[in-house]
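Chains as they are written, first to last, in our numbering: chain A, 1 to 258; chain B, 1 to 83.
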């Protein structure tokens, strides 16, 4: 079973991980003095840092394709170029956030505070001012400010990577942001075939063949019917609505119905 | 001063109205997070709601160690009693 292609992809995957780790340390170290010397306040600096990370990740995803470990496609990416949007995606793989940032020039992301302990991510998270998710109540304020400042706020409502085969379960943070800011969410449906880089996979558990990641950006979800409800009840009902909506889109035949 | 039972009934009503919790399923031992699915954002809303009931400023600190419905009742009783 294990032919030359398998070993190529194993080595190339190891290389890609190393490259990411190297870039995650070196890019922020080189960029930091430049970003601090450029004129403008904290916000301008973070917007520039996000653009830089966006370009860096774009290069990285091209390299991933060039290494023949994976292929990827995106549809509806233009919908991600609008300011002040809330991007909600399911979370099958470790690469999801890398791709979303590669598609979005001014992305603000809600990330686990644990990423600050990861040397490959710490520099990026610090420079861009990504929101680290440790407090529910403060999260709402940070999200509101970010959207008001015109960022595209990226959030995985599951709070962690999807467990393969399990039902989608969303935490209520995403719905609370929608309910309390009035911003209609922009859903992104991510599929990975064959599954890899999930929470159950280590980096060397590479799939039996080259994997394919697809990103479908859909039209904003209409949330007007939740407006009449109190915030706490609306957040609960909207959470269920979004779970069902995204689960249904995930089950849809990828190349089938429009 | 309101009786402990009155406070408990009030809190049951608030939990049912705000968080779609079935009042039948609530007991003093119900854990807010594990049993009633009340998260940290909900907790802020709960404190805001209870502020109106208690009728004075309260800080989230007063509810920091609260885990169960009984803990909430105790915290509210204490705040009422301290008036």
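Note that the Cβ used here is the ideal one computed from N, Cα and C, for glycine as well.
query: According to DSSP, residues forming a beta bridge with residue 216(A); result: 75(A), 189(A)
query: Minimum Cβ-Cβ distance from residue 258(A) to chain B less than 8 Å; result: Any reading at residue 258(A) must be qualified, since the residue scores a pLDDT of 43, below 50, and its modelled position is unreliable; the value itself is stated next. Residue 258(A) does not count as touching chain B.
query: Residue-chain proximity (residue 41(B), chain A), Cβ-Cβ < 8 Å; result: yes
query: Environment of residue 52(B) [buried if 16+ CB atoms lie within 10 Å]; result: exposed
query: Enclosing alpha helix (DSSP H) for residue 12(B) [first to last residue]; result: 4 to 19
query: Neighbour flag for residue 32(B) against chain A, beta carbons, 8 Å; result: no
query: Neighbour flag for residue 61(B) against chain A, beta carbons, 8 Å; result: no
query: Chain-order list of residues whose beta-carbon lies under 6 Å from that of residue 73(A) (same chain, five-residue window excluded); result: 214
query: Helix, strand or coil at residue 12(A) according to DSSP, with G and I counted as helix; result: helix
query: Neighbour flag for residue 7(B) against chain A, beta carbons, 8 Å; result: no
query: Residue 55(B), buried or exposed, once every other Cβ within 10 Å from all chains shown has been counted against 16; result: exposed
query: The segment 19 to 32 of chain B contacting the segment 58 to 75 of chain B, beta-carbon criterion three pairs below 8 Å; result: yes
query: Any C-beta of chain B under 8 Å from that of residue 87(A); result: no
query: Residue 259(A) vs residue 101(A) beta-carbon contact at 8 Å; result: Any answer about residue 259(A) is impossible in this case: the structure gives chain A only from 1 up to 258.
query: CB contact below 8 Å: residue 176(A) versus chain B; result: yes
query: Expected contact under 8 Å - CB spacing of residue 103(A) and residue 77(A) to nearest Å; result: 5 Å
query: Beta carbon proximity, residue 45(B) to chain A, threshold 8 Å; result: yes
query: Element boundaries [alpha helix (DSSP H), containing residue 47(B)]; result: 40 to 54
query: Cross-chain neighbours of residue 50(B) in chain A, by beta carbon under 8 Å; result: Simply none; closest approach about 13 Å.
query: Length of the line joining the Cα atoms of residue 206(A) and residue 220(A); result: 34 Å
query: Per-residue burial, residue 4(A) [other beta carbons within 10 Å of its own, 16 or more giving buried]; result: exposed
query: In DSSP terms, what residue 133(A) is bridged to; result: 112(A)
query: Any C-beta of chain B under 8 Å from that of residue 233(A); result: yes
query: Residue 148(A) versus residue 84(A): straight-line alpha-carbon distance, rounded; result: 6 Å
query: Which of helix, strand or coil DSSP assigns to residue 68(B); result: strand
query: Partner residues on chain A for residue 18(B), Cβ-Cβ distance less than 8 Å; result: 230, 232, 233
query: Residue from 162(A), 240(A), 229(A), 154(A) with nearest C-alpha to residue 97(A); result: 154(A)
query: heavy atom of the ligand GDP below 7 Å from residue 57(B) C-beta; result: No copy of the ligand GDP occurs in the structure displayed, which carries no ligand at all.
query: Cβ-based contacts, 7 Å cut-off: residues of the segment 143 to 158 of chain A near chain B; result: none
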